[in-house]
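Engineer:
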């Protein structure tokens with residue numbers, strides 16, 4: 008028996024007690040038992056007040072139940088998605104939407120809570136579309152969620168903006184990505200959400216670095232490094248970007264030191280994808296210095312880390328903070344989800360393609376300068 012049912016039964020029990028006491032008071036009044044009637048009337052008043060309290064509490068209990076159920080469905084959707092169950096995640100979001108819509112129908116202050124819940128559902132649908140590789144649909148979902156959450160001053164607006172930026176970047180819309188990150192950073196900073204702020208600084212700094220805006224890049228990346236704190240993977244990813252900045256400025260000793268520091272963090276965190284990516288900095292420096300053997304040695308470390316991964320796609324997803332899986336799953340019909348979404352894990356696949364190109368290109372250049 009849940010809380011709401013208990014409250015309803017309590018309300019009916021109190022109503023029955025009121026009826027019984029009222030009847031007894033009338034019978035006693037007819038027989039001139041005034042003192043007993045007065046005492047009974049006092050008791051009747053107390054019971055009536057209790058009944059009113061129970062009746063007024065029942066809608067609040069039901070509203071709290073709907074809010075909790077919606078939140079639980081959102082959490083379940085996130086877990087299902089992390090495990091690669093896109094259809095099950097979508098079904099959990101459908102349940103969350105139903106629960107939040109029911110909450111909204113209760114009116115009053117529940118309406119704002121329901122709107123926030125529905126906006127969070129929209130962001131969750133963006134997460135599903137992103138894993139499925141439908142990036143245009145994900146962008147639309149994240150945009151809608153960000154607008155709605157911002158209107159409600161909800162703290163999740165920062166995450167919607169951050170993910171919107173990631174999707175814009177995957178779609179090669181760098182200006183739109185930077186605009187989203189620029190909006191997300193102050194939101195996270197105002198709310199003290201250091202992980203989100205660090206991720207936004209890292210992403211924005213990486214774009215600035217690739218555009219050759221090194222001063223801007225360093226500012227974002229140093230902020231990200233400070234905010235990641237003890238997060239080994241986050242700090243390692245920032246150090247790789249800082250190493251690339253130093254390499255571009257021909258600060259080779261600094262670049263190599265940052266590369267080595269990143270590799271140590273990735274080793275400690277057991278993140279082989281980081282150990283694949285970091286040595287590319289050293290290989291590029293060696294190629295520019297026409298030291299082919301040294302370049303090959305760096306690339307050998309990358310190749311060894313690559314070969315150590317039993318599931319490179321899952322490793323790429325983990326490195327990017329996405330689902331650490333390599334396939335869409337379905338408890339209902341095996342393979343159905345994959346057939347419907349051939350571009351699933353799109354961003355992780357992009358990273359793997361970059362790695363393969365970089366290793367082959369680096370080998371060719373190292374051979375050329377030997």
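Residue numbers (this note's numbering): 8 to 377.
Ideal Cβ positions, reconstructed from N, Cα and C, are used throughout, including at glycine.
Note that the structure is predicted; figures quoted are calculated from it, not measured.
1. In its own chain, which residues sit with a C-beta less than 8 Å from the C-beta of residue 247, not counting the 5 before and 5 after it?
2. Near residue 100, what residues of its chain come up, given a Cβ to Cβ distance below 8 Å and the 5 sequence neighbours on each side ignored?
3. Note down, in chain order, each residue of its chain lying with its Cβ closer than 6 Å to the Cβ of residue 121, except the 5 sequence neighbours on either side.
4. Taking all protein chains shown into account, do 16 or more other C-beta atoms lie within 10 angstroms of the C-beta of residue 115, making it buried, or fewer, making it exposed?
5. Kindly list the residues whose CB is nearer than 7 Å to the CB of residue 353, restricted to its own chain and excluding five residues on each side of it in sequence; keep chain order.
6. Terminal residues of the continuous alpha helix (DSSP H) containing residue 332?
7. DSSP state of residue 237, grouped into three classes?
8. Would you report the Cα separation of residue 326 and residue 88, rounded to the nearest angstrom?
9. Thinking C-alpha only, which one of 278, 331, 370 is nearest residue 305?
10. Taking buried to mean at least 16 other C-beta atoms within 10 Å of its own C-beta, is residue 190 buried or exposed?
11. So which of 358, 360, 361, 335 has the shortest CA-CA distance to residue 91?
12. Leaving out five residues before and five after residue 323 in sequence, what residues of the same chain have Cβ atoms less than 7 Å from its Cβ?
13. Report yes if the CB atom of residue 254 is closer than 8 Å to the CB atom of residue 291, and no otherwise.
14. When the distance is taken between beta carbons, is residue 374 closer than 8 Å to residue 299?
15. Where do the N-terminal and C-terminal ends of the alpha helix (DSSP H) with residue 4 fall, by residue?
16. Entirely within the region 171-244 and at least 3 residues each: give me those beta strand (DSSP E) ranges in chain order.
17. Is residue 280 helix, strand or coil by DSSP?
18. Comparing alpha-carbon positions, which option in 258, 273, 259, 251 lies nearest residue 243?
Structural biologist: Put simply:
1. Closer than 8 Å at the Cβ level, and outside the excluded window around residue 247, lie 265, 266, 269, 281, 284, 285, 288.
2. Annotation for residue 100: 80, 81, 84, 128, 131, 132, 135 place their beta carbon closer than 8 Å to its own, counting only its chain and skipping 5 residues before and after.
3. Same-chain partners within the cutoff: 107, 110, 111.
4. It is exposed - the Cβ of residue 115 has fewer than 16 other Cβ atoms within 10 Å.
5. Around residue 353, the same chain offers 140, 142, 177 as residues with beta carbons nearer than 7 Å, after the five sequence neighbours per side are excluded.
6. For residue 332, no alpha helix (DSSP H) run applies, since DSSP gives it neither H nor E.
7. In this structure, residue 237 counts as coil in the three-state DSSP scheme.
8. Straight-line Cα distance between these residues: approximately 16 Å.
9. Cα-wise, what sits closest to residue 305 is 370.
10. Flag for residue 190 reads buried.
11. Residue 335 holds the alpha-carbon nearest to the alpha-carbon of residue 91 among 358, 360, 361, 335.
12. Beyond the five residues adjoining it in sequence on each side, residue 323 comes within less than 7 Å, by CB distance, of 280, 355, 358, 359 in the same chain, given in chain order.
13. For residue 254 and residue 291, yes; Cβs fall inside 8 Å.
14. Between residue 299 and residue 374, the C-beta spacing is below 8 Å.
15. This structure gives no information on residue 4, because the portion of the chain shown stretches from 8 to 377.
16. Listed in chain order, nothing qualifies, since the region 171-244 has no complete beta strand (DSSP E) run of 3 or more residues.
17. In this structure, residue 280 counts as helix in the three-state DSSP scheme.
18. The candidate whose alpha carbon is nearest that of residue 243 is 273.
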